[in-house]
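**Student:**
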Amino acid sequence: MEELELLCIGNALVDVFAQGEEDIDFRFGLIEPVQHVPMDKLREVLAVLPEFSAVSGGGAANVAKIASMLGLKAGFIGALGSDQFGRVFEKDLSDAGVQSRISHKALPTGACLILQMPDGRVKIAASPSAALDLNEKDIDEDAIRQAKVVVLDGFMLERRKLVCHILELAYKYGTAVALDASTTGLAEERAVEIVTYARAYPMILFMNEDESRAFYRALSQEKDLDGEGDKNNGISPEMARLFQDFTAQDVFPIVVVKLGKRGAVVFAGGNMYREETIPVIPLETTGAGDAFSAAFLAAWIRDRSLGECAAIGNKAAREVLDVKGTQLDPSALKYLEKELR
Numbered sequence: 001m002e003e004l005e006l007l008c009i010g011n012a013l014v015d016v017f018a019q020g021e022e023d024i025d026f027r028f029g030l031i032e033p034v035q036h037v038p039m040d041k042l043r044e045v046l047a048v049l050p051e052f053s054a055v056s057g058g059g060a061a062n063v064a065k066i067a068s069m070l071g072l073k074a075g076f077i078g079a080l081g082s083d084q085f086g087r088v089f090e091k092d093l094s095d096a097g098v099q100s101r102i103s104h105k106a107l108p109t110g111a112c113l114i115l116q117m118p119d120g121r122v123k124i125a126a127s128p129s130a131a132l133d134l135n136e137k138d139i140d141e142d143a144i145r146q147a148k149v150v151v152l153d154g155f156m157l158e159r160r161k162l163v164c165h166i167l168e169l170a171y172k173y174g175t176a177v178a179l180d181a182s183t184t185g186l187a188e189e190r191a192v193e194i195v196t197y198a199r200a201y202p203m204i205l206f207m208n209e210d211e212s213r214a215f216y217r218a219l220s221q222e223k224d225l226d227g228e229g230d231k232n233n234g235i236s237p238e239m240a241r242l243f244q245d246f247t248a249q250d251v252f253p254i255v256v257v258k259l260g261k262r263g264a265v266v267f268a269g270g271n272m273y274r275e276e277t278i279p280v281i282p283l284e285t286t287g288a289g290d291a292f293s294a295a296f297l298a299a300w301i302r303d304r305s306l307g308e309c310a311a312i313g314n315k316a317a318r319e320v321l322d323v324k325g326t327q328l329d330p331s332a333l334k335y336l337e338k339e340l341r
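Using UniProt numbering, the first residue of the sequence shown is number 1, and each one after it goes up by one.
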């Protein structure tokens, strides 16, 4: 890879968007709002859909793509199959200007189906497949050395040896690490592990509102939060105290809580910074949180204040809410790219 500012490592998936018939979820056993399914099952569903659109996905790839549109020298490391979805993924990132180091595996390219049901419900079925075959040998040490920040999606936490390998390389070269909690389950189940990493390595931790509550519950053993505080601000006083204590010791960790239409809250150095946003009616929410993270990190790399980082993150997220996934015309982010110069 050539000179890099941001390196993203994670599950390489293709996001597939489709309209579903009334009973398609029950016919194929898609009972949960979000669930993992075998690739054969996913292919069966795709075979009966009259049409669908596919775009590169996975949190880390989304961050790389948006960051590149914002003018950063961004790279991505992941694993794909040698198939049509894999070619879609690689072309999408290449068209966005992302430098990719792709390891091709024997398994099919991973995919995530986002199915819009007639009654307004959304069913998500994911099959990571080849993405899970990424290993230590696939990691480009020189790319980590070059980058100012390495981004990891939370699903990587399930591969402890690989994560520790990446963290140690980042520490060796003085590269900061940005970790997205990714799901409420991971935020709660891996909370202690995340804290351990955040205290040992220079880390920026991203969570959405639900993930931040799950993280808080795991660390505090509190089952009930201040509901009124949550409803009004997204962050209860108890949660705020925990995050302020967690970040009080040094420059890192930095904790960023993405609150959707209410903006974001940043905790750093024991302080709390709030940045509100302008609510919009979304076409689709997939990728909006990743766009926020990409823009936040782009601003941070450009030495902007934490408040400015959050404000620019909010603006980028709003743009992605108007499209499916990260199928964004780069011109939509031109004004932010200029703002970051």
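Idealized CB from N, CA, C, for every residue including glycine.
#1: Please report the Cβ distance between Ala-12 and Leu-70, rounded to the nearest whole angstrom; I am assuming they are in contact, meaning their Cβ atoms lie under 8 Å.
#2: Tell me whether Met-239 sits in a helix, a strand or coil according to DSSP, three-state version.
#3: Taking the beta strand (DSSP E) that Arg-101 falls in, what are its first and last residues?
#4: I'd like to know whether the C-beta atoms of Pro-118 and Glu-22 end up nearer to each other than 8 Å.
#5: Here's a check: name, in chain order, each residue in its chain whose Cβ is nearer than 6 Å to the Cβ of Arg-274, leaving out the five neighbours to either side.
#6: Please confirm whether Leu-6 and Leu-93 have their CB atoms less than 8 Å apart.
#7: Pull the bridge partners of Asp-15 from the DSSP assignment, please.
#8: Give me the Cα-Cα distance between Glu-188 and Phe-252, rounded to the nearest whole angstrom.
#9: Once DSSP output is grouped into helix, strand and coil, what is the label at Ile-204?
#10: Assuming Ala-54 contacts Val-88 under a Cβ cut-off of 8 Å, what Cβ separation, rounded to an integer in Å, is found between them?
#11: If we ignore side chains and look at the alpha-carbon of each, how far apart do Glu-158 and Thr-184 end up?
#12: Cα separation between Ala-147 and Ala-130?
#13: Looking only at its own chain, which residues have a Cβ that is under 8 Å from the Cβ of Val-149, when we skip the five neighbours before and after it?
#14: Compute the distance between the beta-carbons of residue 345 and Phe-155, then report whether it is under 8 Å.
#15: At the level of alpha carbons, what is the spacing between Glu-337 and Gly-263?
#16: Who are the Cβ neighbours of Thr-277 in its own chain at under 6 Å, not counting the five residues just before and after it?
#17: Cβ of Ala-143 within 8 Å of Cβ of Arg-190?
#18: Closest by CA to Leu-115, which one among Asp-245, Glu-209, Ile-312, Ile-31?
#19: Are the CB atoms of Ser-127 and Met-39 nearer to each other than 8 Å?
#20: Identify the continuous beta strand (DSSP E) that holds Tyr-173 and give its terminal residues.
#21: Just to confirm the assignment, what range does the beta strand (DSSP E) spanning Lys-123 have?
#22: For Arg-199, which of Phe-246, Gly-269, Ser-331 has the nearest alpha-carbon?
#23: Please classify Val-192: does DSSP put it in a helix, a strand, or coil?
#24: Report the residue from Lys-123, Gly-287, Pro-237, Asp-250 whose alpha carbon sits nearest the alpha carbon of Lys-258.
#25: For residue 390, which residues of its own chain have a beta-carbon under 8 Å away from its beta-carbon, when the five flanking residues on both sides are left out?
#26: May I have the straight-line CA-CA distance separating Lys-65 from Ala-248, to the nearest angstrom?
#27: Give a yes or no on whether the C-beta atoms belonging to Asn-62 and Asp-210 are separated by under 8 Å.
#28: Need the endpoints of the alpha helix (DSSP H) that Leu-80 sits in, please.
#29: Between the Cα of Gly-86 and those of Gly-97, Pro-108, Ile-77, spot the shortest distance and give me the residue it belongs to.
#30: Rounded to whole angstroms, what's the CA-CA distance from Gly-270 to Phe-26? Just pull it up for me.
#31: With Met-39 as the anchor, note down where its alpha helix (DSSP H) starts and where it stops.
#32: Residues in the same chain with beta-carbon distance under 6 Å from His-165, minus the five sequence neighbours each way, listed in chain order, please.
#33: Where do the N-terminal and C-terminal ends of the alpha helix (DSSP H) with Lys-315 fall, by residue?
#34: Let me check understanding here. Comparing Cα to Cα, which of Ala-106, Val-122, Phe-267 lies closest to Gln-19?
#35: Is Phe-267 helix, strand or coil when you go by DSSP?
#36: Inspect the beta-carbon positions of Ala-111 and Val-16 and report whether they are closer than 8 Å.
**Tutor:** According to the data block:
#1: Mapped onto the sequence shown, residue 12 falls at position 12. Mapped onto the sequence shown, residue 70 falls at position 70. Wrong, their Cβ atoms sit about 21 Å apart, outside the cutoff.
#2: Counted from its first residue, the sequence shown places residue 239 at position 239. Residue state for Met-239 is assigned as helix, using DSSP reduced to three classes.
#3: For the purposes of this step, residue 101 is taken as the residue at position 101 of the sequence shown. Per DSSP, Arg-101 is one residue of the beta strand (DSSP E) stretching across 99-105.
#4: Your numbering for residue 118 matches position 118 in the sequence shown. Your numbering for residue 22 matches position 22 in the sequence shown. Against a cut-off of 8 Å, the Cβ pair of Glu-22 and Pro-118 comes out as a contact.
#5: Translated into the one-based positions of the sequence shown, residue 274 becomes position 274. Around Arg-274: Val-265.
#6: As a first step, residue 6 is located in the sequence shown; it is residue number 6 there, counting from the start. As a first step, residue 93 is located in the sequence shown; it is residue number 93 there, counting from the start. Inclusion of Leu-6 and Leu-93 in the CB contact set at 8 Å is not warranted, their separation being larger than that value.
#7: Locating residue 15 in the sequence shown gives position 15, counting from the first residue. Val-55, Cys-112.
#8: For the purposes of this step, residue 188 is taken as residue 188 along the sequence shown, with counting starting at 1. For the purposes of this step, residue 252 is taken as residue 252 along the sequence shown, with counting starting at 1. Note on geometry: alpha-carbon atoms of Glu-188 and Phe-252 lie some 21 Å from one another.
#9: Stepping through the sequence shown from its first residue, residue 204 is reached at position 204. Strand, per DSSP.
#10: Locating residue 54 in the sequence shown gives position 54, counting from the first residue. Locating residue 88 in the sequence shown gives position 88, counting from the first residue. The beta carbons of Ala-54 and Val-88 sit about 5 Å from each other, so the pair counts as a contact at 8 Å.
#11: Counting from one through the sequence shown, the residue named residue 158 turns up at place 158. Counting from one through the sequence shown, the residue named residue 184 turns up at place 184. In a straight line, the C-alpha of Glu-158 is about 14 Å away from that of Thr-184.
#12: As a first step, residue 147 is located in the sequence shown; it is residue number 147 there, counting from the start. As a first step, residue 130 is located in the sequence shown; it is residue number 130 there, counting from the start. Near 25 Å, if we compare the C-alpha coordinates of Ala-130 and Ala-147.
#13: The sequence position of residue 149 within the sequence shown is 149, counting from 1. Answer for Val-149: Glu-5, Leu-6, Leu-7, Thr-175, Ala-176, Val-177, Ala-178, Ile-204, Leu-297, Trp-300, Ile-301, listed in chain order.
#14: Since the first and last residues shown for the chain are 1 and 341, residue 345 lies out of range.
#15: Here residue 337 corresponds to residue number 337 of the sequence shown, with the count starting at 1. Here residue 263 corresponds to residue number 263 of the sequence shown, with the count starting at 1. Taking the straight line from one Cα to the other gives about 20 Å.
#16: The residue you call residue 277 lines up with position 277 of the sequence shown. In its chain, beyond the 5 residues on either side, Gly-263, Asn-314 have a beta carbon closer than 6 Å to the beta carbon of Thr-277.
#17: Position 143 of the sequence shown, counted from the first residue, corresponds to residue 143. Position 190 of the sequence shown, counted from the first residue, corresponds to residue 190. No.
#18: Within the sequence shown, numbered from 1, the residue matching residue 115 stands at position 115. Taking the Cα of Leu-115 as reference, the smallest distance to any Cα among Asp-245, Glu-209, Ile-312, Ile-31 is reached at Ile-31.
#19: Here residue 127 corresponds to residue number 127 of the sequence shown, with the count starting at 1. Here residue 39 corresponds to residue number 39 of the sequence shown, with the count starting at 1. Yes, they are a contact pair.
#20: Sequence index remark: in the sequence shown, residue 173 carries index 173 (1-based). Where Tyr-173 is concerned, there is no enclosing beta strand (DSSP E), given that its DSSP letter is neither H nor E.
#21: Within the sequence shown, residue 123 is the residue found at index 123, counting from 1. 122-127 is the extent of the beta strand (DSSP E) around Lys-123.
#22: For the purposes of this step, residue 199 is taken as the residue at position 199 of the sequence shown. Measuring C-alpha to C-alpha distances from Arg-199 to each of Phe-246, Gly-269, Ser-331 identifies Phe-246 as the nearest.
#23: On the sequence shown, residue 192 is found 192 positions in, with the first residue counted as 1. Of the three classes helix, strand and coil, the one that applies to Val-192 here is helix, per DSSP.
#24: Counted from its first residue, the sequence shown places residue 258 at position 258. Ranked by how close their Cα comes to the Cα of Lys-258, the residues Lys-123, Gly-287, Pro-237, Asp-250 have Gly-287 in first place.
#25: Within the shown structure, residues of the chain are numbered from 1 to 341, placing residue 390 beyond reach of any answer.
#26: Within the sequence shown, the letter at position 65 stands for residue 65. Within the sequence shown, the letter at position 248 stands for residue 248. The straight-line gap separating the alpha-carbon atoms of Lys-65 and Ala-248 is approximately 32 Å.
#27: In the sequence shown, counting from the first residue as 1, residue 62 sits at position 62. In the sequence shown, counting from the first residue as 1, residue 210 sits at position 210. Not in contact: Asn-62 and Asp-210 (Cβ atoms no closer than 8 Å).
#28: Counting from one through the sequence shown, the residue named residue 80 turns up at place 80. That residue, Leu-80, is in no alpha helix (DSSP H); its beta strand (DSSP E) goes 74-81.
#29: One-based indexing of the sequence shown puts residue 86 at position 86. The shortest C-alpha separation from Gly-86 is found at Pro-108.
#30: Sequence index remark: in the sequence shown, residue 270 carries index 270 (1-based). Sequence index remark: in the sequence shown, residue 26 carries index 26 (1-based). Rounded to the nearest angstrom, the two C-alpha atoms are 48 Å apart.
#31: Translated into the one-based positions of the sequence shown, residue 39 becomes position 39. Membership of Met-39 in the alpha helix (DSSP H) is indicated by the continuous run 39-48.
#32: For this step, residue 165 is matched to residue 165 along the sequence shown. Listed in chain order, the non-local C-beta contacts of His-165 below 6 Å within the same chain comprise Glu-136, local neighbours out to five positions each way being set aside.
#33: As a working note, residue 315 is residue 315 in the sequence shown. Here the alpha helix (DSSP H) through Lys-315 covers 306-320.
#34: As a position in the sequence shown, residue 19 is number 19, starting the count at 1. Closest option to Gln-19, Cα to Cα, is Val-122.
#35: Within the sequence shown, residue 267 is the residue found at index 267, counting from 1. In the structure shown, Phe-267 adopts extended strand secondary structure according to DSSP, grouped into three states.
#36: Position 111 of the sequence shown holds residue 111. Position 16 of the sequence shown holds residue 16. A contact, by the Cβ cut-off of 8 Å.
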